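There are 2 protein chains.
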Amino acid sequence: MSTLIYMKKDAAKRTPKMKAGGRERNKERTKERILKAALQLFRERGLERATTREISKRACIAEGTLFNYFKTKEDLALYFFQKETEGLIRWFRAEKRLQKAPLAEQLFAIIHRQLEYIEPYEDFIGAVFARSLQPASSLSPLSFDSQELRLKYLRFIREILAAAEERGEIPPVGNLGAYGVGLFYLGIVTHWLHDGSRGKQRTLALLDRALSFGARMLQKGTWEW
Amino acid sequence: MSTLIYMKKDAAKRTPKMKAGGRERNKERTKERILKAALQLFRERGLERATTREISKRACIAEGTLFNYFKTKEDLALYFFQKETEGLIRWFRAEKRLQKAPLAEQLFAIIHRQLEYIEPYEDFIGAVFARSLQPASSLSPLSFDSQELRLKYLRFIREILAAAEERGEIPPVGNLGAYGVGLFYLGIVTHWLHDGSRGKQRTLALLDRALSFGARMLQKGTWEW
DNA sequence: CTTGAATTATGAGCATGCTCAACTTTTCCG
DNA sequence: CGGAAAAGTTGAGCATGCTCATAATTCAAG
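So the sequence lines, in the order shown, correspond to chains A and B. For the record, in the first sequence the residue sitting at position 116 is 1248 according to this note's numbering, with numbers rising by one throughout. For the record, in the second sequence the residue sitting at position 1 is 1133 according to this note's numbering, with numbers rising by one throughout.
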């Protein structure tokens, strides 16, 4: 009986012996397949209603295999943000014109781009985003990666602030400034999630006003207190 | 066989026939028992690791009964915040001296009290708090209650701001002002959750500085822009 | 007190995220 | 090639949050 359990599965879907292209290659492909299936399902059903069982099925692997590639379902979801953060940084580096624009414009462009990217996934962003707020718990293996991701983002922002500082646009704000921008972004996304207006226009308006307000405040030297 | 399933459970723990004090009374008592057991377990193990099975057992009821009283486990957790919010409001109404203090001091006292109250439950507050950020989903019956709770809090804050406004302490800030304080509180709790310093002193310092900064800002009339 | 309807309690059972021991495939080395 | 160690895969199975058909309890009317 127990010998019957491990029968080969539908061979049409995935060749059992994929000796062809080295191990590394296959692992990469499998990971890609998982990510693709996951994003599809997240988009279709949202984070909660996309089951790991269905993701695995769509990626043509066993459910256990999924957890060889991603420690948890959340980890899988975080991957999405990681890719986006990296993309965002690359994008900004390429936008030469933006590099010289005023700080408020830069931040607007950055946050706007993120909101745009996030838009089709609104359903599940709420869940992931809220979860990403949870503090590091030594029990959760996820927390470390999440922390890493946040750090990467913070360093990126700090760099932008430092540049504006060098241009004499703002006084020195240091790490705290980056943290502040992070909190601000938090607030914006919260607003965005609740925003029912067409095209999320209210959020964009808020973003614009808040940023120019902040910029003016910094210019006025209100920061030194 | 199926007739054997529904046997009376250990009669020592709970009298099977509690005809005594009317139905209402019993419901109240059961609810109390559930809440007590739940808070105990949340405190002991945090939200995730406190199972509904154990809560039920400790409250001496079947697991299904728990869900007659609370729609979801989250709902159960929210109850805790509801009680706290109500307590907070009552407390503030009683503190005659605070009513006349400057706005920054009032907000400091309010937030400080909340942090203090929350302290023993830090483990599970993160989870509940983060979850409370999730936008309303028509599927979740919880969302409505959650919204209600948030509204109660916002109205409370708005009232305080209105009073400060009447004293001529700040310009009119309206609903947006209350929302802003709410977002600020969000940031503070996030910081608090991550704060490893002794007695969360860093958070308290941040709270103090940020509030007096905000107060000064409003006084300077920077708000009109 | 009886009766039957309304209310409340019960726990087997379901779907889900995740684990793990058993199994397969690939790689390595003689 | 041979064969064994390493790396990867698998799906049965576990714990958990929650549901639902069924049973127990309560209460008002007769």
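No residue lacks a Cβ here, since even glycine has one placed at the ideal position from N, Cα and C. The model shown is predicted, which means the values in this text are computed figures rather than measured ones.
Query: E1195 (chain B) burial status per 10 Å Cβ neighbour count (16 or more: buried); Result: exposed
Query: Where K1332 (chain A) falls: helix, strand or coil (DSSP); Result: helix
Query: Of the listed residues B:A1295, B:A1347, B:F1240, nearest to Y1317 (chain B) (C-alpha basis); Result: B:F1240
Query: Where L1286 (chain A) meets chain B, residues with beta-carbon distance less than 7 Å; Result: Result: empty, since nearest Cβ-Cβ is about 13 Å, beyond 7 Å.
Query: Pairwise C-alpha distance: K1284 (chain B) and G1328 (chain A); Result: 21 Å
Query: Min CB distance G1319 (chain B) to chain A below 8 Å; Result: yes
Query: Whole-angstrom C-beta distance between R1190 (chain B) and L1173 (chain B), which should lie under 8 Å; Result: 7 Å
Query: Secondary structure of G1300 (chain B), DSSP reduced to three states; Result: coil
Query: Where L1315 (chain A) meets chain B, residues with beta-carbon distance less than 7 Å; Result: G1319
Query: Helix, strand or coil at T1217 (chain A) according to DSSP, with G and I counted as helix; Result: helix
Query: Contact the stretch 1341 to 1350 of chain B vs the stretch 1217 to 1236 of chain B: 3+ CB pairs below 8 Å; Result: yes
Query: C-alpha distance - A1294 (chain B) paired with G1306 (chain B), whole-angstrom precision; Result: 8 Å
Query: Nearest-angstrom beta carbon gap, R1175 (chain B) and Y1253 (chain B) [assumed within contact, 8 Å]; Result: 6 Å
Query: Beta-carbon proximity check, I1242 (chain B) vs L1220 (chain B), cutoff 8 Å; Result: yes
Query: Beta-carbon spacing of H1326 (chain A), L1338 (chain A) below 8 Å; Result: no
Query: Cβ-based burial, G1309 (chain B) [other Cβ within 10 Å; buried from 16]; Result: buried
Query: C-alpha distance - K1203 (chain B) paired with L1230 (chain A), whole-angstrom precision; Result: 50 Å
Query: Spatial neighbours of G1319 (chain A) in its chain, beta-carbon cut-off 6 Å, leaving aside the 5 residues before and after; Result: none
Query: Cα-Cα separation between E1216 (chain A) and L1210 (chain B), rounded to whole angstroms; Result: 33 Å
Query: Within-8 Å CB hit, S1275 (chain A) to chain B; Result: With a pLDDT of 45 at S1275 (chain A), under the threshold of 50, the modelled position of this residue cannot be trusted; read the value that follows with caution. It does not; no Cβ of chain B falls within 8 Å.
Query: R1287 (chain B) beta carbon near the ligand GDP (any heavy atom closer than 7 Å); Result: Summarising the ligand content, the structure contains no ligands, and the ligand GDP is consequently not present.
Query: Straight-line gap, R1282 (chain B) to E1291 (chain B) (C-alpha atoms, nearest Å); Result: 14 Å
Query: Range covered by the alpha helix (DSSP H) that runs through I1242 (chain B); Result: 1235 to 1250
Query: Cβ of P1267 (chain A) within 8 Å of any chain B Cβ; Result: With a pLDDT of 45 at P1267 (chain A), under the threshold of 50, the modelled position of this residue cannot be trusted, and the question is left open.
Query: Cα-Cα separation, Q1238 (chain B) to A1342 (chain B); Result: 13 Å
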